[in-house]
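J.: Could you have a look at this structure, given as structure tokens, before my questions?
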Amino acid sequence: MHRLEEKVAFITGGGAGIGRASALLFAKEGAQIVIAERDVAAGEETAALVEASTGRPALFLSLIHI
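Remember, the numbering used here sits 3 above the position in the sequence shown when you count from 1.
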């Protein structure tokens, strides 16, 4: 059983380091992932990694436009 099933994790700084690791771990535990990141390429890469590892999409929000 996934501990975070039916939960949403909003990860700031999700493009690298602890943010990326958290996004991947939370996704593997069943959470839907929202990634907020200023570096568009890094945020999109993390979203792609989440999808590749879980088969579920992640939402990426660019903080440049907010």
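Beta carbons are placed, not taken as given, at the ideal position from N, Cα and C, and that holds for glycine.
For the alpha helix (DSSP H) that contains A55, what are its first and last residues?
T.: Looking at the DSSP string, the run of the alpha helix (DSSP H) that includes A55 is 43-57.
J.: Would you identify the three-state DSSP class for L7, choosing helix, strand or coil?
T.: Coil, per DSSP.
J.: I want to check one thing, is the minimum distance from the CB of G18 to the heavy atoms of the ligand GTP below 8 Å?
T.: As far as ligands go, the structure on display features none, and thus does not contain the ligand GTP.
J.: Leaving aside the five residues before and after P60 along the sequence, list all residues of the same chain whose C-beta is less than 6 Å from its C-beta, in chain order.
T.: The residues are E54.
J.: When burial is assigned at 16 or more other CB atoms within 10 Å of the CB, is E9 buried or exposed?
T.: It counts as exposed.
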